[in-house]
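Quick note, the sequence shown lines up with residues 1 to 602 if you use our numbering.
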Amino acid sequence: MQGAMVVFAAVVGPFCRCLWLCRYLCETRLYSIMMVSAGSCFVLMPTASAQNLVSDPGFESVQSPLGGGYYCQAASWTSVGSCNNDYVYFFKRPHSGSYDLDLSGDTPSPNISQTIGGLRAGPYTFSFWWEAFIPGTGVTASVGGQTFSLSTASTTSYTQFSQQVTLGAGSTTIVFAGGTGNEDVDIDDVSLTFLLLAPPLPPGAPTNVTSVDSTIGNFSSNGGTLPAGFFNLFNLTPQQVETALTQLDGEDATDAQKGAFQLMSDFLNLMLDPYGGGGGGGGAGSGATGFAPEQDTTLPPEIALAYNSILTKAPPKQAFNQRWTAWGGAFGGTANTNGNPTVGSTNVNANDYGFAGGMDYHLSPDSLVGFSLAGGGTNWSLAQNLGSGRSDSFMAGVYAKTHSGPWYASAALGYADHWFTTDRASALGDQLRAKFQGQSVGGRLEAGYRYGLPSANYPAGVTPYAALQAQSFHTPTYSEADLTGGGFGLTYNAQTATDTRSELGARFDDLAMLGVTPLILRARLAWAHDWISDPALTAAFQALPGSSFIVNGAAPPHDSALTSLGAELRLTQYSSLTGKFDGEFGNGAQTYGGTGTLRYSW
């Protein structure tokens, strides 16, 4: 080990001296493997004794054999006293390993010492194992000028001495000294370790980072032993610690709810959109389910049918003979949400996509009910490569709609199963993955009233509407798999998130012609307010039993502007094709989506 450190210092010493961190690590010998590249020093896997600052703590590198299994010297230790007179020597009566220090008393007082450099100010634990082979008085151990007396009553086995001491930055000396009597004390396995409470943080560190930092500190101060992988954190600069803890807080798991809410919202809107949506639009060929413009206009029957109008002076109403409509639609969207630097959340991009199919049945010329099945998924990624996730989803829903002249009302209920996978990595070399299942339920109620507008050629209208939408998303307790064994895997507690949205706005429609083919133009402008759960999870390091902290994700805005532009092309009396683009704009968040739907009635 010592030889390897000499070779290491000779090879990378000039580089490490350029960096405070590397110099510190080299001087304190906390880590045995490093890599210097492009002016950077990276800490790799620590050795098993990385936390102990004492060189040759078990007196194993003995030298100068005295005979009879006795030795007079040990590397890294300086002896004062005559070895030949049995004041200080090393013998095969160890607590562990092959040798131990044998300290006898006489005049002058013998002692053995080691000076350790590169310390930082703070609390340390000084410990060793000892036994009084021959009782006596006056044997002491000291570190940093603090001296502790050892009772040399006869013992039959080794006893551990352990004491917390406060040391200043720089260097300190450990000294074991004998008394003036005939005592004979064996000492072995000396240790000086920095008391790992919490990694250093810069002032004003965000909430997510301080929560993780406090968790590590509380675990350590309550007597827990940190796994070796955590030692890296204590030898980084405060800014590096903040970056590392940001990578370890598991924020990517909080963003599963973003995609789930987005997917369910798109599914509910597809079923209920009164202007060319999946099941909520007026059925092509239904002949009676639609709006009544408030103008005296006579249109050719095929255009009136395409527009689903009941006109003041319209042709006679068609027979109610097309009761079934089948439809299929593709939908998807992308959303960008800004994080909060104070909280420590990160910008996130979330996407959803799906394909839905359904059927509705006209109970009467003015009312219908239907169902839909859909498959799709979500994916999301955090800025700065802090993690990503994806899901496969199955959805099922039912809906209903009714008209009364210019009034309409509609309702939908949806359910979804999601199968999630998350992936993230840290600069400390850990690769973490989680697989878990979640469930969503959602419902939407909507009502509106259409006003006809004066038009020179074809009917146009504006429909003020109000809607209420509610969702719930649940994930169970689950744990990450630590793919590289770094010890930073998290377990997340079960969580249920909710989003209740109110909408107030207006829909607009206008009829145009592509040759002889009716084309209905659509638009929407609305305001939405969300009462939404903050994306937060309670997490705990699997390697730190009893630890837990709250990690926060990027929170969506509570108020948003909703916009839509679309068109419905009536292909035949029985079929139609609809395309629609949606936008949602709030403070620090934007969402863009699209829908395409094909309907056929019989």
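All C-beta atoms in this analysis are idealised placements derived from N, C-alpha and C, irrespective of residue type, glycine included. Predicted, not measured: the structure shown is a model, and the values here were computed from it.
The beta-bridge partner set that DSSP reports for W419 consists of D392, Q437. In the three-state reduction of the DSSP assignment, Q384 falls in the helix class, which pools H, G and I. For T491, the enclosing beta strand (DSSP E) covers residues 490-492. The beta-carbon distance between Q437 and D417, rounded to whole angstroms, is 7 Å. This is short enough to meet the 8 Å contact definition. Cβ neighbours of T346 within its own chain (closer than 7 Å, five residues either side excluded): E251, G339, L382, A383, Q384, L386, A554. The continuous alpha helix (DSSP H) containing N208 extends over residues 207-221.
Non-local C-beta neighbours of D582 in its own chain, meaning closer than 6 Å and more than five positions away in sequence, comprise S564, G593, ordered along the chain. For the 8 Å CB-CB criterion, V175 and S113 form a contact. Under DSSP, the beta-bridge partners assigned to F161 are F128. Secondary structure note for N269: its alpha helix (DSSP H) is the uninterrupted segment 256-272. T337: not part of any alpha helix (DSSP H); member of the beta strand (DSSP E) spanning 324-337, first to last residue. Relative to the Cα of L363, the nearest Cα in the group K401, S142, W130 belongs to K401. The straight-line gap separating the alpha-carbon atoms of W380 and N587 is approximately 20 Å. Of G179, T210, A141, the smallest CA-CA separation from V165 is found for A141. Rounded to the nearest angstrom, the Cβ distance from L537 to Y492 is 5 Å, consistent with a contact under 8 Å. With fewer than 16 other CB atoms across the displayed protein chains lying within 10 angstroms of its CB, D559 is exposed.
The residue among K580, G596, V551, D213 with its C-alpha nearest the C-alpha of D255 is V551. Take N351, set aside five residues on each side of it, and the residues of its chain with a beta-carbon closer than 6 Å to its own are T334, N379, in chain order. Beta-bridge partners of Y478 (DSSP): Y492. The C-alpha of F231 is placed about 23 Å away from the C-alpha of S479. Residue environment analysis places G546 among the exposed positions, since fewer than 16 neighbouring C-beta atoms fall within 10 angstroms of its C-beta. Rounded to whole angstroms, the Cβ separation of R390 and T421 is 6 Å, and the two are in contact under 8 Å.
Pairwise C-beta distances place the segment 228-248 in contact with the segment 184-204, as three or more of them are shorter than 8 Å. The continuous alpha helix (DSSP H) containing E242 extends over residues 238-248. Here T337 has V348, A554, P556, A589 as same chain residues with Cβ atoms under 6 Å from its own Cβ, once five neighbours each way along the sequence are excluded. Y408 and D509 have their C-alpha atoms spaced approximately 15 Å apart. Pairing A447 with L428, the inter-Cα distance amounts to about 55 Å. Among the bridge pairs identified by DSSP, R444 is matched with A412, Q469.
As for any beta strand (DSSP E) of minimum length 3 sitting wholly inside the segment 489-550, the runs are 490-492, 495-514, 517-532, 536-541, ordered along the chain. Taking L167 as the centre and dropping the five residues before and after it, the same chain places the C-beta of L119, Y124, G144 closer than 6 Å to its C-beta, in chain order. When secondary structure is reduced to three states using DSSP, E60 falls in the coil class, being assigned neither helix nor strand. Between K258 and Y353, the alpha-carbon positions lie close to 13 Å from each other. Cβ contact annotation for A326 (same chain, cutoff 7 Å, sequence separation greater than five): M359, Y600, in chain order. When only Cα atoms are considered, Q542 and Y361 end up about 53 Å apart.
In the three-state reduction of the DSSP assignment, A460 falls in the strand class.
Less than 8 Å divides the Cβ of E568 from the Cβ of I520.
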